[in-house]
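J.:
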Amino acid sequence: MYVCLGGDQKIATFSMCPETGKIESTGGNDVGGAPGSIGVSPDQRFLYSGVRGPNSATAFSIDSATGALTQIGETTLVDNPVYVITSKSGKFLLMSSYGGAVAASYPIGDDGVVVPEAISVVETRKNPHSVQPDPSDRYVFVPNTGADCILQYLFDAETGTLTPNEDPVVPTNENTGPRHFCFHPSLDVVYFVNEKGNDVTVCELDSATGKLTVVQYISTLPEGADVESYTADIHITADGRFLYASNRGHESLARYSVAENGRLSFLGVTQTEAWPRGFRIDPTGAFLFSAGERSDQIASYRLNSESGDLEPLEVYEVGKGPNWITIIEFS
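Quick note: the sequence shown uses the numbering used here, first residue 11, plus one each step.
#1: Are Y149 and I129 touching if we call contact CB-CB under 8 Å?
#2: Just to check my reading of the structure: N314 and E324 have Cβ atoms closer than 8 Å, yes? What is that Cβ distance to the nearest angstrom?
#3: Report, in whole angstroms, the separation of the C-beta atoms of R55 and I72, which I expect to be a contact under 8 Å.
#4: Do the segment 250-260 and the segment 219-229 make contact, defined as three or more Cβ pairs closer than 8 Å?
#5: Return helix, strand or coil for D18, following the three-state DSSP convention.
#6: Which residue's Cα is closest to the Cα of G43: A114, Y240, E84 and E127?
#7: Please say whether S107 and P145 have beta carbons closer to each other than 8 Å?
#8: So, at 8 Å on beta carbons, what are the nonlocal neighbours of P286 in its own chain, with the 5 sequence-adjacent residues on each side left out?
#9: Cα separation between A69 and N39?
#10: I'd like the list of long-range same chain contacts for R62, defined as Cβ closer than 6 Å, with 5 residues on each side in sequence excluded.
#11: Secondary structure at Y108, three-state DSSP: helix, strand or coil?
#12: To the nearest angstrom, report how far apart E233 and V88 are at their CA atoms.
#13: Using 8 Å as the threshold, is the C-beta distance between S140 and Y201 below it?
#14: Taking the C-alpha atoms as reference points, what is the distance between I118 and E339?
#15: Considering only their Cβ atoms, is the gap separating P178 from L161 smaller than 8 Å?
#16: Using the DSSP secondary-structure output, state which residues sit across from V328 in a beta bridge.
#17: Going by DSSP in three states, G288 sits in which element: helix, strand or coil?
#18: Name the residue from G156, N154, I82 and D147 whose alpha carbon lies nearest to the alpha carbon of L164.
#19: May I have the straight-line CA-CA distance separating G207 from P153, to the nearest angstrom?
#20: What residues are listed by DSSP as bridge partners for L164?
#21: Would you check if the distance between the CB atom of D306 and the CB atom of P332 is smaller than 8 Å?
#22: Around the C-beta of P143, are 16 or more other C-beta atoms found within 10 angstroms, so that it is buried, or is it exposed?
#23: Strictly by DSSP, which residues pair up with K221?
#24: May I ask you to report which of helix, strand or coil DSSP gives N137?
#25: If you count every other CB in all the chains shown that lies within 10 Å of the CB of A269, and 16 or more means buried, which is it?
#26: Go to S239, then tell me how far its beta strand (DSSP E) extends in each direction, as first and last residue.
#27: Tell whether a beta-carbon distance below 8 Å holds between L197 and G272.
#28: Below 8 Å on the Cβ atoms is my guess for V210 versus L274; work out the distance and round it to an integer in Å.
#29: For a test of the three-state rule: what should DSSP assign to I246, helix, strand or coil?
#30: Between the C-alpha atoms of S317 and V125, what's the straight-line distance to the nearest angstrom?
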């Protein structure tokens, strides 16, 4: 498990027991700024951290025996990276800049280091907050928190080029603020969590054109909730049966069941750490870990695969300002 600690300017490393869900610190790496996101290469040989301050992507090699990270490079990006991720081939690093209103793609060298010359730099609308390629590696989406829309791009997986799609903008409801998103594991459905609207936008994806169609909005808060809150992160189980989203302010994780057509039904919320900016379901699907950016703790839960309920387990002190969790499993 890798945890970005914005206040400590480091990535903390933990081992995790897949039977009990217990985690144990195994060290960490200073990054010279506030790490805000992590991308891992498909072959799990390299890890990339978007570092705010130096506006860089720091590359690490991963020791498959211990999970330890060794820094191998640092590349200055076009602007302050709020989100980084690799393409499905691992040949390119995609990034978005919240303040710079741009998204970009960079080549990754055979040595795992990000090459400083961008392949594409595209202007977004206000406050893009994440960027991801679809599972086919042919399309890229960028939700804009400040502009209430999702941008659609064609992606050339061989050259790394980003090109606006024929219909480049998908409007969302006013004052929604789409932020992070995830793909259904087997359906052409994409889920966007809306920072300002405290809801989730469900979109169908036309796999032939790369275009999204909004089909559902559903709240992340229980009926009658009267508190200032902002969503942050969203993840779906590997079997596609349950989806979760985090509420900062309400300090909870919203739980949903997923129908056969991908639509969501609200199951309720589970209270969690203060300001749950990032959370993650482990690769076995048995546990969920929630990072409290304002509590400096991670809470662990056992995930019930039949009901989607979250059973509270242990809470761990991890360092200052945890905001991102990534978990990988070595075969």
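Glycine is no exception: its CB is placed at the ideal position from the N, C-alpha and C atoms.
T.: Quick answer:
#1: no
#2: Incorrect: roughly 17 Å between the Cβ atoms, too far for contact.
#3: 6 Å
#4: no
#5: When secondary structure is reduced to three states using DSSP, D18 falls in the coil class, being assigned neither helix nor strand.
#6: E84
#7: No. Outside cutoff.
#8: A242, D243, S256, N257, R258, E261, S262, L263, S300, A301, G302 and E303
#9: Answer to the nearest angstrom: the Cα atoms are 11 Å apart.
#10: G43, A44, G46 and N90
#11: coil
#12: 42 Å
#13: no
#14: 23 Å
#15: yes
#16: Under DSSP, V328 forms no beta bridge with any residue.
#17: DSSP, reduced to helix, strand and coil, places G288 within a strand of the structure shown.
#18: L164 has its Cα closest to that of D147, out of G156, N154, I82 and D147.
#19: 14 Å
#20: DSSP, once it has assigned bridges, lists Y149 and T173 as partnering L164.
#21: yes
#22: Result: buried.
#23: D216
#24: coil
#25: exposed
#26: First-last for S239: undefined, no H or E at that position.
#27: yes
#28: 6 Å
#29: strand
#30: 45 Å
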